[in-house]
Amino acid sequence: MRRREPPPPLPAAGGPMTRRRKLAESEPPAEDTISDLPDAVLGEIISLLPTKDGARTQILASRWRHLWRSAPLNLDCRGLNHGDELAGALSRIISSHQGPCRRLCIHADLLDAPSTTVDSLLRSDALGNLQELEFSCFERPPPASIFRFSPTLRVVTIGCSNLPDSTVQGIHFPLLQQLGLEFVCISECSLHSLIASCPVLESLLIHRSFGFACIQINSLSLKSVGLDSYAVWENNKVALQLQELIINNAPCLERLLLLHQETGLHISVIAAPKLETIGFLSDGYYECSQDHLYRLAFGSTVILGLHVDNLEMAVCTVKILAIQMKALCLDTVIDLLTCFPCLEKLYIRARTSESSNLWRRKHRNLINCLDIRLKTIVLKSYRGIKSQVNFVTFFVLNARMLESMTLQVETSYYNEEFLVEQRRKLQLQDRVSRGAQFHFTTGICIRTNWDIKHVRDLDVVDPFVRRC
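Those letters in the sequence shown? Residues 71 to 538, by my numbering.
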């Protein structure tokens with residue numbers, strides 16, 4: 071057996087230098103342009119970092135040492151208990167910090183502290199320019215002092231709270247851009263009053279909230295709306311729940327996200343000329359009954375679940391659509407393309423692939439007149455079975471504007487042999503859009519309704535895309 075030679079020893083200090091080391095030592099040090107920024111800008115950068123990383127910026131250079139002590143505070147108290155002690159600790163942190171407090175997240179345990187302690191904390195001068203506020207009250211009305219921040223707030227999330235009419239009356243949020251209501255009991259009148267009190271509101275998220283049957287949107291600023299229709303129990307009976315959404319006048323509305331469905335919700339879009347993004351339309355992906363499907367109406371054009379029930383007029387504004395199907399069905403998708411003829415991005419989740427999706431004879435007359443403008447298609451749970459191959463091949467051979475198709479493959483199927491076989495079966499060499507790119511991946515490429523967890527998740531151009 072040949073004896074393995076030991077590796078050559080490293081050169082001693084002062085010995086021959088490698089070329090890389092010579093180049094590194096001969097180059098001048100990189101110029102630190104970030105440190106030249108004004109203190110206010112550097113403070114903004116630090117405030118966006120996690121707390122520990124923000125504190126570590128003190129070791130970067132002497133220029134940074136004093137910034138941490140004056141950077142805007144981001145205080146998140148969720149997960150901590152002992153309300154009285156916590157309130158005292160927060161008061162000491164806020165009073166000793168040289169900079170402002172930008173974001174405050176407080177749990178119900180903190181608001182359980184004596185009212186004088188809570189009031190003293192919330193009325194601290196250091197909180198005078200608060201911009202983000204999240205709080206929950208365990209189904210109680212919040213303390214009145216918590217709304218003293220309303221003139222400066224830009225983001226508010228209210229959770230597990232009871233908002234009686236007397237609490238909402240008189241509140242005004244002149245700068246608020248994002249509002250989230252999660253597990254909130256509020257009357258229909260107060261809900262409309264709350265929305266109207268936010269003249270520059272851009273994002274509205276309503277999750278598992280109750281006490282109202284109808285929401286009417288009349289807003290000149292709203293860009294994103296996300297909501298669900300859950301059956302909520304209160305005092306051993308089903309509470310009054312959302313049944314209808316009417317978008318009367320929303321000239322800036324771009325995104326409408328229907329998150330979860332346990333009860334049938336009727337949505338009427340009367341005036342939303344910029345509405346480009348809709349999701350997550352479903353035909354009962356989570357085994358809900360026919361009575362629980364969303365009913366979406368654009369004038370006299372009606373979509374029930376994923377079925378285009380009545381097509382009086384095409385909806386040409388919609389460009390991005392996310393759907394959830396029990397079974398992958400080409401006929402359903404073609405109907406949706408007819409309803410949304412300007413659709414550019416389509417995201418599909420399908421639990422099964424029961425339909426054969428044969429199309430060459432069935433849709434041969436339609437192919438010549440259907441103008442498919444899709445540029446991006448993402449399909450989840452691709453296994454390469456015949457119905458999926460037929461579905462994908464339809465777009466490979468007919469979508470002339472297609473730029474990208476991503477097929478999320480289950481890990482157990484993903485190997486080189488599978489990929490070679492699928493490229494052949496899908497006839498990629500005959501694709502009608504010569505510049506189209508086809509990607510097979512095991513990564514998760516579609517954000518689902520479960521990924522919308524905060525009102526800020528609505529404030530993105532494409533809420534369904536995820537880097538995979």
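Beta carbons are placed, not taken as given, at the ideal position from N, Cα and C, and that holds for glycine.
Integer-rounded CB distance, given that residue j should sit under 8 Å from residue i
i	j	result
ASN319	ALA341	5 Å
VAL270	LEU245	7 Å
SER105	ARG133	5 Å
SER539	PHE205	Any question about residue 539 goes unanswered here, given that the chain covers just 71 to 538.
LEU329	ILE522	6 Å
GLU209	GLN247	Not really, about 27 Å apart at Cβ, beyond 8 Å.
ASP500	LEU477	That pair is no contact at about 17 Å.
GLY158	SER140	Their Cβ separation, rounded to whole angstroms, is 23 Å, which puts GLY158 and SER140 out of contact at 8 Å.
LEU440	GLU414	About 15 Å; that fails the 8 Å criterion.
ASP353	LEU327	Actually they are not in contact, since the Cβ atoms of ASP353 and LEU327 sit about 17 Å apart, beyond 8 Å.
LEU192	SER215	4 Å
Assigned exposure category for residue i - 16 Cβ within 10 Å defines buried
i	result
PRO79	A caution first: PRO79 carries a pLDDT of 49, below 50, which makes its placement in the model unreliable, though a value can still be read off. Answer is exposed; the Cβ neighbour count stays below 16.
GLN497	exposed
ALA82	For ALA82, the predicted model reports a pLDDT of 46, less than 50, meaning its position is unreliable; a value from the coordinates is still stated below. By the neighbour-count rule (16 or more Cβ atoms within 10 Å), ALA82 is not buried but exposed.
HIS177	buried
ARG325	buried
MET383	exposed
GLY296	buried
CYS259	exposed
THR347	buried
GLU252	buried
CYS255	buried
GLN201	buried
LEU416	buried
GLY113	buried
LYS450	buried
ILE287	buried
PRO321	exposed
LEU406	buried
GLY240	exposed
ASN485	exposed
ILE265	buried
LYS344	exposed
VAL479	buried
For residue i, three-class secondary structure by DSSP
i	result
ARG74	Reliability of the predicted coordinates at ARG74 is poor, the pLDDT of 47 falling under 50, and no value is obtained from them.
GLN458	helix
ARG193	coil
VAL530	coil
THR387	coil
ALA506	coil
SER62	Residue 62 is absent from the model: the chain starts at 71 and stops at 538.
HIS177	coil
GLY524	What sits at residue 524 in the sequence shown is His, not Gly. Residue state, collapsed to three classes: coil.
PHE350	strand
CYS399	coil
ALA82	Confidence in ALA82 is poor, its pLDDT being 46 and thus under 50, which makes the residue's placement unreliable; the coordinate value appears in the next sentence. The answer is coil: DSSP assigns ALA82 none of H, G, I, E or B.
PHE280	strand
TYR417	strand
SER220	coil
HIS26	For the chain, the structure presents residues 71 to 538; residue 26 sits outside this window and is missing.
LEU290	coil
HIS377	strand
CYS409	helix
ALA214	helix
VAL270	coil
SER166	helix
GLY229	strand
GLY250	strand
ALA159	helix
Boundaries of the beta strand (DSSP E) in which residue i is found, first to last residue
i	result
CYS207	202-210
SER474	474-479
LYS495	Note, LYS495: premise wrong, no beta strand (DSSP E); alpha helix (DSSP H) at 486-495.
TYR452	446-452
HIS330	325-331
GLY513	Here GLY513 belongs to no beta strand (DSSP E), and DSSP marks it neither H nor E.
ASN519	No beta strand (DSSP E) contains ASN519, which DSSP labels as neither H nor E.
LEU145	143-146
Limits of the unbroken alpha helix (DSSP H) element including residue i
i	result
GLU314	Run containing GLU314: none in the alpha helix (DSSP H); it sits in the beta strand (DSSP E), 314-319.
ASN435	434-439
ARG126	121-126
ALA367	Note, ALA367: premise wrong, no alpha helix (DSSP H); beta strand (DSSP E) at 365-368.
SER117	109-118
VAL238	235-238
CB contact check: residue i to chain B, cutoff 9 Å
i	result
ALA125	The chain inventory of the structure shown lacks chain B, comprising one protein chain alone.
Handout entry: Stretch-stretch touch, CB-based, cutoff 8 Å, three pairs: the stretch 509-528 with the stretch 372-385
Key = no
Practice task
Indicate whether the contact test is met: 3 or more Cβ pairs, each with one atom in the stretch 421-432 and one in the stretch 450-463, closer than 8 Å.
Solution key: yes
Practice task
Pair every Cβ in the stretch 387-397 with every Cβ in the stretch 415-423, then say whether three or more of these pairs are closer than 8 Å.
Solution key: yes
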